[in-house]
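> Okay, handing you the structure first.
Protein chains: 2
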Amino acid sequence: METKHIEKVQSIAKDCMLFKDMNGEELSALLTCLDFKIRSFSRNDIINMAGDFFEGIGVVIDGQVAVVKENIVGERIIFDILGRGELFGEMAAFTGVRKWPATIIANTECTVMHVPADKLVGQCSQTCTAHTKLIMNMLGILSRKALTLNRQLEYLSIKSIRGRIASFLLEQYKKSGKTTFMLAMNRNELADFLNVARPSLSREMCRMRDEGMIDFHRSSVRIRDMEALKAAAQGMH
Amino acid sequence: METKHIEKVQSIAKDCMLFKDMNGEELSALLTCLDFKIRSFSRNDIINMAGDFFEGIGVVIDGQVAVVKENIVGERIIFDILGRGELFGEMAAFTGVRKWPATIIANTECTVMHVPADKLVGQCSQTCTAHTKLIMNMLGILSRKALTLNRQLEYLSIKSIRGRIASFLLEQYKKSGKTTFMLAMNRNELADFLNVARPSLSREMCRMRDEGMIDFHRSSVRIRDMEALKAAAQGMH
DNA sequence: TCAAATCCGTAACCAAAGTTACAAAAAGTT
DNA sequence: AACTTTTTGTAACTTTGGTTACGGATTTGA
Numbered sequence: 072m073e074t075k076h077i078e079k080v081q082s083i084a085k086d087c088m089l090f091k092d093m094n095g096e097e098l099s100a101l102l103t104c105l106d107f108k109i110r111s112f113s114r115n116d117i118i119n120m121a122g123d124f125f126e127g128i129g130v131v132i133d134g135q136v137a138v139v140k141e142n143i144v145g146e147r148i149i150f151d152i153l154g155r156g157e158l159f160g161e162m163a164a165f166t167g168v169r170k171w172p173a174t175i176i177a178n179t180e181c182t183v184m185h186v187p188a189d190k191l192v193g194q195c196s197q198t199c200t201a202h203t204k205l206i207m208n209m210l211g212i213l214s215r216k217a218l219t220l221n222r223q224l225e226y227l228s229i230k231s232i233r234g235r236i237a238s239f240l241l242e243q244y245k246k247s248g249k250t251t252f253m254l255a256m257n258r259n260e261l262a263d264f265l266n267v268a269r270p271s272l273s274r275e276m277c278r279m280r281d282e283g284m285i286d287f288h289r290s291s292v293r294i295r296d297m298e299a300l301k302a303a304a305q306g307m308h
Numbered sequence: 072m073e074t075k076h077i078e079k080v081q082s083i084a085k086d087c088m089l090f091k092d093m094n095g096e097e098l099s100a101l102l103t104c105l106d107f108k109i110r111s112f113s114r115n116d117i118i119n120m121a122g123d124f125f126e127g128i129g130v131v132i133d134g135q136v137a138v139v140k141e142n143i144v145g146e147r148i149i150f151d152i153l154g155r156g157e158l159f160g161e162m163a164a165f166t167g168v169r170k171w172p173a174t175i176i177a178n179t180e181c182t183v184m185h186v187p188a189d190k191l192v193g194q195c196s197q198t199c200t201a202h203t204k205l206i207m208n209m210l211g212i213l214s215r216k217a218l219t220l221n222r223q224l225e226y227l228s229i230k231s232i233r234g235r236i237a238s239f240l241l242e243q244y245k246k247s248g249k250t251t252f253m254l255a256m257n258r259n260e261l262a263d264f265l266n267v268a269r270p271s272l273s274r275e276m277c278r279m280r281d282e283g284m285i286d287f288h289r290s291s292v293r294i295r296d297m298e299a300l301k302a303a304a305q306g307m308h
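Residue numbers (the working numbering), protein chains in the order written: chain A, 72 to 308; chain B, 72 to 308.
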């Protein structure tokens with residue numbers, strides 16, 4: 072854990088919920104407590120494998136990582152794609168789980184920090200105020216993750232492909248505030264995300280286009296009939 | 072918040088993760104900080120409705136509550152069934168969300184405690200040690216919830232009904248340690264839980280029985296061919 | 001700039017699961 | 001015990017979506 076590494080972490084601190092509301096001093100003090108490790112990976116490298124020994128939470132310093140689950144048959148579902156400043160493995164850290172519950176893959180070239188679970192949970196020797204803030208931030212992060220899982224669950228509890236697409240597009244619309252927007256995923260990734268087969272996704276999107284509900288080309292999508300889309304999201308065809 | 076109510080809470084403290092590792096004194100001190108409310112409900116009463124104003128986390132004092140989500144069409148999915156000592160709404164509490172993300176229904180006659188979100192998050196005037204423990208317990212609870220959501224997500228990410236049934240039965244087996252066990256749900260509820268149509272569930276269970284994989288009568292189930300069941304859980308038919 | 005790799009739409013075919021309806025069995029009530 | 005209600009299995013029929021395969025478009029990279 073060299074000075075260079077500490078600087079790296081400080082450079083992302085403002086983008087990282089874990090270090091929210093901490094000033095430079097607090098952060099420095101905290102970082103010396105944490106005993107973290109920093110490593111870099113190439114695209115598609117496996118950073119942590121589901122089932123492997125859990126050494127501590129991860130923080131994305133640079134690049135993107137994907138949280139995926141897969142079964143032996145090879146069906147794979149993308150839980151989340153994390154960027155700069157985002158965390159993974161925080162659930163395992165506070166439940167005493169000793170194994171990674173999901174696989175973490177480098178989605179791009181990336182750098183990640185790992186912090187041992189016990190350094191997070193255990194009080195540090197000196198009562199540092201930053202440690203208290205860390206815990207509070209952690210609560211917020213965990214809650215938000217749980218809400219994200221909830222949202223994912225909502226998608227998968229929709230039975231029709233059309234419903235999933237419609238819900239997804241409506242969420243993109245709410246996020247962007249515009250009826251024309253770009254998707255952050257390609258068809259393969261979107262199909263994974265919605266847990267459907269890629270050709271089935273294409274087919275349904277085209278049907279929705281033919282019915283005048285939406286329009287699209289590659290990753291750009293335009294909502295043409297908001298009411299019809301909302302109806303589709305609720306299972307009315 | 073009368074003495075009677077404080078006693079009620081103390082009586083479930085040992086079954087409640089939120090008050091883990093606290094002695095009687097700490098608990099009493101803490102409870103006076105929290106400004107909680109206690110109410111009772113009849114079966115099928117709506118305790119909190121998705122979208123309604125979020126007033127604070129809930130703790131089940133007695134009976135059972137169900138966490139459900141439903142869309143306008145009436146498709147309903149049971150997220151969780153909570154008993155004595157278990158929490159709900161903790162995700163909203165730490166994310167500043169002002170609305171209930173799910174609906175809470177009284178599954179049986181029940182009594183619940185609501186604690187205002189700000190009383191949990193805000194430091195109490197006197198630095199009470201119990202408050203620190205409360206926060207640490209909260210971290211554990213939240214993490215465990217997130218893992219539960221993960222698990223639910225695993226069920227729904229399985230595409231075949233057979234796979235979902237097999238996974239579910241294997242989990243029951245792991246829980247009970249026996250190859251013969253009783254299901255806590257009837258067919259309707261199980262179908263809801265696995266997010267499939269009830270007749271489809273029945274049909275598939277019967278097929279699995281005809282193939283010698285399992286045996287069942289009403290809510291009693293026996294696993295006859297463990298290997299076949301495990302194979303089915305992984306999508307091999 | 002050309003070749004290779006990737007992405008996307010398309011179509012035919014087939015398997016899986018939803019829908020509806022009904023009857024038998026079980027549980028609960030009077 | 002007789003009746004009602006709820007739970008479950010069953011079957012016919014329909015719809016949805018997965019599978020496989022292919023070709024054109026786009027992007028990447030040498």
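Glycine included, C-beta positions come from ideal geometry on N, C-alpha and C. The structure displayed is predicted, hence computed values, not measured ones.
(1) CB-CB under 7 Å to K79(A), same chain, minus the five flanking residues each way: which ones, in chain order?
(2) Is there a Cβ of chain A sitting closer than 8 Å to that of N221(B), yes or no?
(3) Could you tell me the boundaries of the alpha helix (DSSP H) in which A100(A) lies?
(4) If contact means a Cβ-Cβ distance below 8 Å, which residues of the region 206 to 218 of chain A contact chain B?
(5) Would S82(A) count as contacting chain B if we go by Cβ distances under 8 Å?
(6) In terms of alpha-carbon separation, which member of S111(A), F125(A), L158(A) lies closest to A309(A)?
(7) Suppose only complete runs of 4+ residues qualify. What are the alpha helix (DSSP H) ranges in the region 223 to 255 of chain A, listed by chain order?
(8) Could you tell me how far apart the beta carbons of T179(B) and G134(B) are, in whole angstroms, since I believe they sit closer than 8 Å?
(9) From the DSSP output, in three-state form, read off L300(B) for me.
(10) What are the start and end residues of the alpha helix (DSSP H) that includes S271(B)?
(11) For chain A, check one thing: does any of its Cβ atoms lie closer than 8 Å to the Cβ of K301(B)?
(12) Between L265(B) and G306(B), what straight-line distance do the alpha-carbon atoms span, to the nearest angstrom?
(13) With DSSP as the reference, please indicate the residues paired to A177(A) in a beta bridge.
(14) With DSSP run on the structure shown, which of helix, strand or coil describes R293(B)?
(15) Hey, quick one: how far does the beta strand (DSSP E) through D263(A) stretch, first residue to last?
(16) Could you pull the start and end residues of the alpha helix (DSSP H) that M162(A) belongs to?
(17) In this structure, how does DSSP classify K79(A) when only helix, strand and coil are distinguished?
(18) Taking Cβ to Cβ, would you say L210(A) is nearer than 8 Å to E161(A)?
(19) Consider the Cβ of P270(B): report whether some Cβ of chain A lies at a distance smaller than 8 Å.
(20) In chain B, which residues lie with their C-beta within 8 Å of the C-beta of L225(A)?
(21) How about the region 112 to 122 of chain A and the region 87 to 102 of chain A: do they share at least three Cβ pairs that are nearer than 8 Å?
(22) What does a CB cutoff of less than 6 Å around V314(A) pick up in its chain, not counting 5 residues either side in sequence?
(23) Give me the residue from A302(A), V136(A), R274(A) with the minimum Cα distance to M184(A).
(24) Any beta-carbon of chain B closer than 8 Å to the one on V144(A)?
(25) By the three-class DSSP mapping on this structure, what secondary structure does D151(B) have?
(26) Report the residue from K249(A), K190(A), F165(A) whose alpha carbon sits nearest the alpha carbon of R293(A).
(27) List, in chain order, every chain B residue whose beta-carbon is nearer than 7 Å to that of P172(A).
(28) In chain order, what residues of the region 236 to 262 of chain A put their CB closer than 8 Å to some CB of chain B?
(29) In angstroms, rounded to a whole number, what distance separates the CA positions of N208(B) and H76(B)?
(30) Do E260(B) and I176(B) have their beta-carbon atoms positioned less than 8 Å apart in this structure?
So, from the listed chains and residues:
(1) I109, I132
(2) yes
(3) 95 to 105
(4) I206, M207, M209, L210, G211, L213, S214, R215, K216, A217, L218
(5) no
(6) Lying outside 72 to 308, the shown extent of chain A, residue 309(A) is not represented and no answer is given.
(7) 232 to 247
(8) 5 Å
(9) helix
(10) 269 to 281
(11) no
(12) 16 Å
(13) V136(A)
(14) strand
(15) Element bounds for D263(A): not the beta strand (DSSP E) but the alpha helix (DSSP H), 258 to 265.
(16) 161 to 164
(17) helix
(18) no
(19) no
(20) First, the amino acid is wrong: residue 225(A) is Glu here, not Leu. Within chain B, the residues near E225(A) are K140.
(21) no
(22) The requested residue 314(A) does not occur in the structure, where chain A is confined to residues 72 to 308.
(23) V136(A)
(24) Only weak support is given to the placement of V144(A): the predicted model assigns it a pLDDT of 42, under 50, and the value that follows is read from those uncertain coordinates. Yes, contact with chain B.
(25) strand
(26) K249(A)
(27) L218, N221
(28) none
(29) 22 Å
(30) no
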